[in-house]
Amino acid sequence: MNRRVAGIACILIALTGLTWLLAGYVTGGVSQTADAARYEQATAGDPSMRRLLRAAEQYNKTHPFDPKDGAGDAEYRRQLDKPDGIMATVDYPRLGIRLAVRHGTTPGVLSGGAGHLPGTSLPVGGKGTRTVITGHRGGTTPLFTRLGEARKGDVFHLTAAGRTLAYRVVSIRVIQPDDLDALKPVAGRDLATLLTCTPYGVNTRRLLVTGTRTPMPGWTSRPKDPAPALATYLLIVLWMAGIARLIPFGKRETT
Numbered sequence: 001m002n003r004r005v006a007g008i009a010c011i012l013i014a015l016t017g018l019t020w021l022l023a024g025y026v027t028g029g030v031s032q033t034a035d036a037a038r039y040e041q042a043t044a045g046d047p048s049m050r051r052l053l054r055a056a057e058q059y060n061k062t063h064p065f066d067p068k069d070g071a072g073d074a075e076y077r078r079q080l081d082k083p084d085g086i087m088a089t090v091d092y093p094r095l096g097i098r099l100a101v102r103h104g105t106t107p108g109v110l111s112g113g114a115g116h117l118p119g120t121s122l123p124v125g126g127k128g129t130r131t132v133i134t135g136h137r138g139g140t141t142p143l144f145t146r147l148g149e150a151r152k153g154d155v156f157h158l159t160a161a162g163r164t165l166a167y168r169v170v171s172i173r174v175i176q177p178d179d180l181d182a183l184k185p186v187a188g189r190d191l192a193t194l195l196t197c198t199p200y201g202v203n204t205r206r207l208l209v210t211g212t213r214t215p216m217p218g219w220t221s222r223p224k225d226p227a228p229a230l231a232t233y234l235l236i237v238l239w240m241a242g243i244a245r246l247i248p249f250g251k252r253e254t255t
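Numbering-wise (the working numbering), the sequence shown opens with residue 1 and increments by one.
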């Protein structure tokens with residue numbers, strides 16, 4: 001009897017843990033999308049955003065390429081700064097990625113969204129600029145998990161201070177973590193690079209998905225994110241399997 005009670009307890013604990021993880025993944029993605037949507041709504045049509053854009057464009061002209069980890073210096077953190085700490089958003093419709101972008105690449109920043117790599121161009125466009133947006137891959141929230149599915153020709157968007165720029169993917173490559181030359185701006189070009197760790201779960205190298213500035217499309221398809229439905233189906237199957245395991249089967253004793 002004690003052995004059966006222990007088995008039931010183990011099954012229930014395992015099912016509860018899996019439920020918590022899958023629910024966290026789904027709700028985390030919803031929260032990240034909501035952060036991005038709130039920022040875009042708050043900055044759209046706000047005339048004060050023009051001042052932030054001009055300051056960011058001037059910053060890009062006067063600060064050379066010098067990528068570094070961390071949060072950057074005080075002058076950097078003042079650029080495109082909003083009270084909620086969001087500087088921009090990244091939106092990759094085909095992959096279901098929509099995240100708020102914050103200053104720096106500290107663990108706190110990357111745990112809840114995307115980060116901007118200090119020392120690279122601010123995400124406001126311009127010839128000779130290259131902004132680098134970083135994000136984790138995997139974990140308990142979506143983040144850049146699907147970035148490995150990127151394809152040349154895809155279009156992603158960066159929105160900063162009420163202005164949205166479109167970038168068409170022209171390069172997908174894997175580099176060593178210390179290959180900073182791969183992040184350098186290119187004269188005369190307006191580039192944006194999305195960066196994450198690879199291979200998935202090993203994280204010894206870096207995946208770069210780079211887009212070049214392109215005219216804003218009139219309409220961009222946004223396939224429905226399958227993650228919530230898949231998580232729901234998986235939970236149902238797991239709980240049904242667990243309940244089936246708990247129900248005693250066998251021949252009834254007869255007298």
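Each residue gets a CB set at the ideal place from its N, CA and C atoms; glycine is no exception.
As the structure is a computational prediction, the values presented were derived from the model and not from experiment.
CA-to-CA, the gap between Thr210 and Asp73 works out to about 26 Å.
When DSSP states are grouped into helix, strand and coil, Arg146 belongs to the helix group. Beta-bridge analysis with DSSP links Val186 to no other residue. Under the 8 Å Cβ criterion, the segment 60–78 counts as touching the segment 112–131, having at least three qualifying pairs. By the Cβ neighbour-count rule, Val109 is buried, with 16 or more other Cβ atoms within 10 Å of its own.
Beta bridge pairing from DSSP links Ala100 with Thr89. The alpha-carbon of Leu180 is positioned some 11 Å away from that of Arg206. Assignment of beta strand (DSSP E) within the segment 160–207, counting only whole runs of 3 or more residues, yields 163–175 and 190–198 in chain order. For the 8 Å CB-CB criterion, Thr134 and Thr105 form a contact. With fewer than three CB-CB distances shorter than 8 Å, the segment 50–57 does not count as touching the segment 170–179. For Val109, the uninterrupted alpha helix (DSSP H) segment begins and ends at Pro107 to Leu110.
For Ala56, no beta strand (DSSP E) segment is defined; the enclosing uninterrupted segment is the alpha helix (DSSP H) at Met49 to Thr62. When the alpha-carbon of Pro185 is set against those of Arg213, Arg146, Gly162 and Leu158, the nearest one is in Arg213. Here the alpha carbons of Asp46 and His103 stand approximately 21 Å from one another. Going by DSSP, Arg130 is part of the beta strand (DSSP E) stretching over Thr129 to Thr134.
With respect to the 8 Å criterion, Gly126 and Asp35 are not classified as neighbours on the basis of their beta carbons. Counting of Cβ neighbours within 10 angstroms places Val174 among the exposed residues, the total staying below 16. Straight through space, the alpha carbons of Asp81 and Thr193 are spaced by roughly 21 Å.
Cβ-Cβ separation between Leu147 and Arg163: approximately 24 Å, too far for a contact (criterion under 8 Å).
The alpha-carbon separation between Thr204 and Thr196 amounts to approximately 11 Å.
Checking the DSSP bridge columns, you'll see Arg137 partnered with Leu143. Ala160 places its beta carbon less than 8 Å from that of Pro123. Here Ala71 carries a coil assignment [DSSP, helix/strand/coil]. Contact check for Gly113 against Val132 fails: the beta carbons are separated by 8 Å or more.
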